[in-house]
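Protein chains: 2
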Amino acid sequence: MQDVRISLTGGVDYHPMTDGSLSGYLGGFEAVASILGGRPDQWRVSEVGDGNLNLVFIVKGPAGAVVVKQALPYVRLVGDSWPLPLDRSFFESQALLTEDECAPGLAPKVILFDKAQALVVMEYLTPHVIMRKGLIDGVKYPRFAETLAEFMAATLFKTSDLYLPAGEKKRRIALFCANAELCKITEDLVFTDPYRDAKLNHWTSPQLDDLALEFRSDGPLKAAAQAMKLKFLSSAEALVHGDLHSGSIMATASDIRVIDPEFAFFGPMGFDVGALIANLILAYLSQIGHETTPGARDEYRAWILLQTVDVWNRFAARFVALWNAEGRGDAYTAELFADPAGREALAAEQRRYMRRLFSDTIGFAGCKMIRRILGLAHVADFETIADKDLRAKGERKALRLARSFLVDRERFVTIEAVGEAVVAADKSN
Amino acid sequence: MQDVRISLTGGVDYHPMTDGSLSGYLGGFEAVASILGGRPDQWRVSEVGDGNLNLVFIVKGPAGAVVVKQALPYVRLVGDSWPLPLDRSFFESQALLTEDECAPGLAPKVILFDKAQALVVMEYLTPHVIMRKGLIDGVKYPRFAETLAEFMAATLFKTSDLYLPAGEKKRRIALFCANAELCKITEDLVFTDPYRDAKLNHWTSPQLDDLALEFRSDGPLKAAAQAMKLKFLSSAEALVHGDLHSGSIMATASDIRVIDPEFAFFGPMGFDVGALIANLILAYLSQIGHETTPGARDEYRAWILLQTVDVWNRFAARFVALWNAEGRGDAYTAELFADPAGREALAAEQRRYMRRLFSDTIGFAGCKMIRRILGLAHVADFETIADKDLRAKGERKALRLARSFLVDRERFVTIEAVGEAVVAADKSN
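Chains as they are written, first to last, in numbering that gives the first Met the number 0: chain L, 0 to 428; chain G, 0 to 428.
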């Protein structure tokens, strides 16, 4: 964290940056100016934010470029009727720095964090595109599975009790507890609103009206979703990214980066892994709307399916490898398991641990799939399908599958079984 | 919390109170002086601390009495080679206040908290005795089960996600994260040291040398104990007392109070319930050493057994009743379960929840029993048995039973099954 310039100059009130004001502001920071080169009046600024919560600028100078992400005091998607704390920018910068420590080079480098302006200046990634767009366009990313497996294994393991001393972990938990309002968004939008008549819910209507209604009166489903919410509220396992979907991944054929950890907090590991797997499954089941002729995307479907299986298997293997190599935290005190009987018992315990984590993953995946179809924030994978009947066909399959992830969770004990269920769901009518 | 006098006067450095200095100090606080009556030179002070960590004084005046508990900067049991933070006194006072809010009248009232002196002045309980002493002496406490069931149900439920809004719970978690050093004592002494060759371990020797050695090389047992430790480290379910054994209960025939929550933090509910049940079981299995003739304590054994069953059953019923009546927290959002299907699904989920909590309870009980026989801090129930062979006979039964609680946890699905196992263990050779 030593190299990051943190500006804490007070006096200047927060104000949202504009294309016109940003260069002058950035010109005051040598760390930024030296990357961009030239003078501020030579810098080209364009606002590119397509997210829900923030302003995002790309600033290009003669020598280089940076990205500037500034929090807005309200939810951009909804408007200023939904205020949101600016300090999420602080948590995002803290999470980016932690991620870079745990999994070097897999998140954008932080160049400057300005608390007063709720603004992070970070590395400009080019020619990266948001992976969700690539998944819609049928683009393969050869390094996806290995990179995301490494990102998740390293960030989750190294912020867990398996790696950190208990006191250090408690210090970090306390810090991120203050990101409560961002957590609250997840608690409401992911775990609760899709299962009640919430004002901002929407879905492909009238095609899915029946399922939306059915889910709102599905007792076992609601209980299962809320059981996952309880884990989200009370399992402080590791620093989770908190929003790890394909829209938080920037990709090229040779490089994969994870962005946007403003929802970071100490929560259940399965929430990150489940979010990623859910979004791969949504990508799979939405291919029906993106192929020029039926079956044209079959090979691409197979690629997505393989990534889904591969990313879990690589993640699990890497996580256990880290545990064996660097398990110096206060959980499972290594000294107790140094003898042969101990090694065997720890190996058995690791299998139990990973089965439990897999079960959490599938439960969270189910919640994430449902909220993207019946809740407030949808995914472009489905939203870009203009033919509403076709879109709803895929969405219906995703909803049914997600319900089984939650209600019949014990059926899914391997990622291969999940993969088979995805294929079966896709082929069902 | 409004009525409590909190003294934050700086300038005066911390100094341990003595019988000689305490009256003069207390005389400066009207809230204390008005309870004691008369002048400070009329107050009688006696240091009565028999615990491991603190100074405890009883101060009596013409009109009344108070208890003064002052933290020492080291572990009293071990000496100044083991330093300990004074701010545990702050966490104790915070926990006492929270307990009194959740379960009014079941913890001593806080009269004054002085942060600089790490000192809490509280209600003097009389003619209460430490319940552990009563259990050794064969005294029955008719109100034990109902009171402890209420204390645990109310304090755990009302500090959990079932009752608190998520943001408020996160604020409290962050506060108690700073009690990390006290948590670390539990992490080491309860979950780790009994399973390794730790310097401060001791046991009835040579009688238990074989079992002490056996446990240190028992892979499945060590893995199970450390799985409970992981829950202790990462499950922020509720504000737990953190040390809820029979030595933290003061009792008369008509009144039961819970004292000494300095280990309080947001942890797994089963840790409190398990501690209590473990100590009842230790009391049961130590009766062999306290009866004048074999069988003389049979009726008392039966009473302890009934309390063990009763306190769990009452706790579980009260916890679910609170959930149904006051389940306004962010977990299991009540609105989702208001329809008949929802009510049925929530009832099924509550049964699952209580099964899981029971399983945690039994696992933690196993850890607590073992640490009291093979670890640093033992219990008077066994320590006061002068005949080492007899003592070891009971301890051996407790150790075997505790091991089965950890390694065969799935065998114990009801408290009655646990009770039967206790009786069988006691009758075994």
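We put the beta carbon where it would ideally sit given N, CA and C, even for glycine. These figures come from a predicted structure and were not determined experimentally.
Residue 361 of chain G CB to nearest chain L CB: under 9 angstroms?
-> Taking the first residue of the second sequence as 1, we reach residue 361 of chain G at position 362. Not an interface residue.
**OP:** Report yes if the CB atom of residue 118 of chain G is closer than 9 angstroms to the CB atom of residue 326 of chain G, and no otherwise.
**Re:** Position 119 of the second sequence, counted from the start, is the residue given in the question as residue 118 of chain G. Position 327 of the second sequence, counted from the start, is the residue given in the question as residue 326 of chain G. Contact flag unset, no.
Q. Which two residues bound the contiguous beta strand (DSSP E) that contains residue 330 of chain G?
A. Walking along the second sequence from the start, residue 330 of chain G turns up at place 331. Taken as a continuous stretch (DSSP letters only), residue 330 of chain G belongs to no beta strand (DSSP E), as it is neither H nor E.
State yes or no: is the beta carbon of residue 157 of chain G nearer than 9 angstroms to at least one beta carbon in chain L?
In the second sequence, the residue the question calls residue 157 of chain G occupies position 158. No, residue 157 of chain G does not count as interfacial toward chain L.
Closest to residue 187 of chain L by C-alpha separation, out of L:149, L:97 and L:371, would be which residue?
Here residue 187 of chain L is taken as the residue at index 188 of the first sequence, counted from 1. For residue 187 of chain L, the nearest C-alpha among the options comes from L:371.
Report task. Report, in whole angstroms, the separation of the C-beta atoms of residue 36 of chain G and residue 61 of chain G, which I expect to be a contact under 8 angstroms. Result -> As a position in the second sequence, residue 36 of chain G is number 37, starting the count at 1. As a position in the second sequence, residue 61 of chain G is number 62, starting the count at 1. Cβ-Cβ separation between residue 36 of chain G and residue 61 of chain G: approximately 4 angstroms, consistent with a contact (criterion under 8 angstroms).
Return no unless some Cβ of chain G is closer than 9 angstroms to the Cβ of residue 331 of chain L. The sequence position of residue 331 of chain L within the first sequence is 332, counting from 1. For residue 331 of chain L, the nearest CB of chain G lies under 9 angstroms from its own CB, placing it at the interface with that chain.
Checklist line | chain L contact residues for residue 336 of chain G, given Cβ-Cβ distances below 9 angstroms | finding: For the purposes of this step, residue 336 of chain G is identified with residue 337 of the second sequence, where counting begins at 1. Against chain L, the beta carbon of residue 336 of chain G has neighbours under 9 angstroms at 218, 221, 222 and 225, listed in chain order.
(Q) Can you give me the C-alpha to C-alpha distance between residue 152 of chain G and residue 328 of chain G, rounded to a whole angstrom? (A) For the purposes of this step, residue 152 of chain G is taken as the residue at position 153 of the second sequence. For the purposes of this step, residue 328 of chain G is taken as the residue at position 329 of the second sequence. In a straight line, the C-alpha of residue 152 of chain G is about 15 angstroms away from that of residue 328 of chain G.
Quiz prompt | Alpha-carbon to alpha-carbon, residue 366 of chain L and residue 261 of chain L | solution = Here residue 261 of chain L refers to the residue found at position 262 when the first sequence is read from its first residue. Here residue 366 of chain L refers to the residue found at position 367 when the first sequence is read from its first residue. Between residue 261 of chain L and residue 366 of chain L, the C-alpha separation is close to 20 angstroms.
| Roughly how many whole angstroms lie between the Cα atoms of residue 156 of chain L and residue 318 of chain L? | Sequence index remark: in the first sequence, residue 156 of chain L carries index 157 (1-based). Sequence index remark: in the first sequence, residue 318 of chain L carries index 319 (1-based). C-alpha separation (whole angstroms): 7 angstroms.
| said: Let me check one thing: in DSSP terms, what residues is residue 121 of chain G bridge-paired to? | reply: Taking the second sequence and counting its residues from 1, one reaches residue 121 of chain G at position 122. According to DSSP, which records beta bridges pairwise, residue 121 of chain G is partnered with G:66 and G:109.
- Report the residue from L:158, L:167, L:163 and L:177 whose alpha carbon sits nearest the alpha carbon of residue 165 of chain G. Residue mapping note: residue 165 of chain G aligns to position 166 of the second sequence, counting from 1. Looking at the Cα atoms, L:177 is the closest of the given residues.
Suppose contacts are defined by Cβ-Cβ distances below 9 angstroms. Is residue 185 of chain G in contact with residue 241 of chain G by that definition? Reading the second sequence from its first residue, position 186 is the one you call residue 185 of chain G. Reading the second sequence from its first residue, position 242 is the one you call residue 241 of chain G. Yes, Cβ-Cβ distance for residue 185 of chain G and residue 241 of chain G is below 9 angstroms.
Next on the checklist: Let me check understanding here. Comparing Cα to Cα, which of L:122, L:85, L:82 and L:81 lies closest to residue 99 of chain L?
Outcome noted: Here residue 99 of chain L corresponds to residue number 100 of the first sequence, with the count starting at 1. Per the Cα distances, L:122.
Residues of chain G with CB closer than 9 angstroms to the CB of residue 191 of chain L, please, in chain order. On the first sequence, position 192 is the one that residue 191 of chain L refers to. Simply 329, 332, 334 and 335.
**Three-pair Cβ contact test at 8 angstroms for the stretch 94 to 112 of chain G versus the stretch 247 to 262 of chain G** = yes
Check your understanding: Where residue 399 of chain G and residue 148 of chain G are concerned, what is the direct C-alpha to C-alpha distance, given to the nearest angstrom?
Key -> Mapped onto the second sequence, residue 399 of chain G falls at position 400. Mapped onto the second sequence, residue 148 of chain G falls at position 149. When rounded, the distance between both Cα atoms is 27 angstroms.
query = Going by the beta-carbon positions, is the gap between residue 336 of chain L and residue 344 of chain L smaller than 9 angstroms?
reply = Residue numbering aside, residue 336 of chain L sits at position 337 when the first sequence is read from its first letter. Residue numbering aside, residue 344 of chain L sits at position 345 when the first sequence is read from its first letter. It is a contact, given that the beta carbons lie within the stated cut-off.
Check your understanding: Opposite residue 238 of chain G in the DSSP bridges: which residues?
Key -> Here residue 238 of chain G refers to the residue found at position 239 when the second sequence is read from its first residue. Answer by DSSP bridge pairing, in chain order: G:265.
Taking only beta-carbon atoms, is residue 271 of chain G less than 9 angstroms away from chain L? Reading the second sequence from its first residue, position 272 is the one you call residue 271 of chain G. Chain L contact via Cβ: absent.
Inset, instruction - Have a look at residue 210 of chain G and residue 395 of chain G and give me their C-alpha separation to the nearest angstrom. - result: In the second sequence, the residue the question calls residue 210 of chain G occupies position 211. In the second sequence, the residue the question calls residue 395 of chain G occupies position 396. Their Cα atoms are separated by approximately 8 angstroms.
**Request:** Kindly list, in the order they appear in chain L, the residues whose Cβ is closer than 7 angstroms to that of residue 184 of chain G.
**Result:** Along the second sequence, read from residue 1 onward, the residue named residue 184 of chain G stands at position 185. Under the 7 angstroms cutoff, chain L gives no residues; its nearest Cβ is about 11 angstroms from residue 184 of chain G.
Original post:
Taking all protein chains shown into account, do 16 or more other C-beta atoms lie within 10 angstroms of the C-beta of residue 0 of chain G, making it buried, or fewer, making it exposed?
Top reply: Counting from 1 along the second sequence, the entry for residue 0 of chain G is found at position 1. Its pLDDT being 36, under 50, residue 0 of chain G is placed unreliably in this model, and the value from its coordinates should be taken loosely. Per the 10 Å Cβ criterion, exposed.
- prompt: Using the C-alpha atoms, what's the distance from residue 351 of chain G back to residue 408 of chain G?
  reply: What you label residue 408 of chain G is simply residue 409 of the second sequence in a count that begins at 1. What you label residue 351 of chain G is simply residue 352 of the second sequence in a count that begins at 1. Inter-residue distance for residue 408 of chain G and residue 351 of chain G is about 16 angstroms (C-alpha atoms, whole angstroms).
Note down, in chain order, all residues in the stretch 225 to 245 of chain L with a beta-carbon under 7 angstroms from any beta-carbon belonging to chain G. 225, 226, 228, 229, 232, 233, 234, 235 and 236
Fill in: Burial state of residue 107 of chain L, where buried means 16 or more other Cβ atoms lie within 10 Å
For the purposes of this step, residue 107 of chain L is identified with residue 108 of the first sequence, where counting begins at 1. Classification of residue 107 of chain L: buried, given that the 10 Å Cβ count is 16 or more.
Discussion item. Just verifying my parser: in three-state terms, what is the DSSP assignment at residue 8 of chain G?
Written reply: The residue given as residue 8 of chain G occupies position 9 in the second sequence. Because the pLDDT at residue 8 of chain G is just 42, under 50, the model does not fix this residue reliably, and the point stays unresolved.
Mind pulling the chain G residues with CB within less than 8 angstroms of residue 176 of chain L? Looking up residue 176 of chain L in the first sequence gives position 177. Against chain G, a Cβ distance below 8 angstroms from residue 176 of chain L picks out 169, 170, 172, 173 and 176.
Three-state secondary structure assigned by DSSP to residue 56 of chain G | Translated into the one-based positions of the second sequence, residue 56 of chain G becomes position 57. Residue 56 of chain G falls in the strand class under three-state DSSP.
Residue 451 of chain L vs residue 130 of chain L beta-carbon contact at 9 angstroms: Residue 451 of chain L is absent from the structure shown; chain L starts at 0 and stops at 428.
Exercise for the section: Identify which residue in L:55, L:77 and L:293 has its Cα closest to the Cα of residue 200 of chain L. Expected result: Locating residue 200 of chain L in the first sequence gives position 201, where the first residue counts as 1. Selected option, being the one with the closest Cα: L:77.
Give me, in chain order, the residues of the same chain whose beta-carbon lies closer than 7 angstroms to that of residue 312 of chain L; leave out the 5 immediate sequence neighbours on both sides.
Position 313 of the first sequence, counting from 1, holds the residue named residue 312 of chain L. Correct list, in chain order: 414.
* To do: Give a yes or no on whether the C-beta atoms belonging to residue 109 of chain L and residue 120 of chain L are separated by under 9 angstroms.
  => Translated into the one-based positions of the first sequence, residue 109 of chain L becomes position 110. Translated into the one-based positions of the first sequence, residue 120 of chain L becomes position 121. For residue 109 of chain L and residue 120 of chain L, yes; Cβs fall inside 9 angstroms.
Comparing alpha-carbon positions, which option in G:154, G:84 and G:289 lies nearest residue 381 of chain G?
As a working note, residue 381 of chain G is residue 382 in the second sequence. The candidate whose alpha carbon is nearest that of residue 381 of chain G is G:289.
Per-residue burial, residue 236 of chain L [other beta carbons within 10 Å of its own, 16 or more giving buried]
Taking the first sequence and counting its residues from 1, one reaches residue 236 of chain L at position 237. Buried, by the Cβ-count rule.
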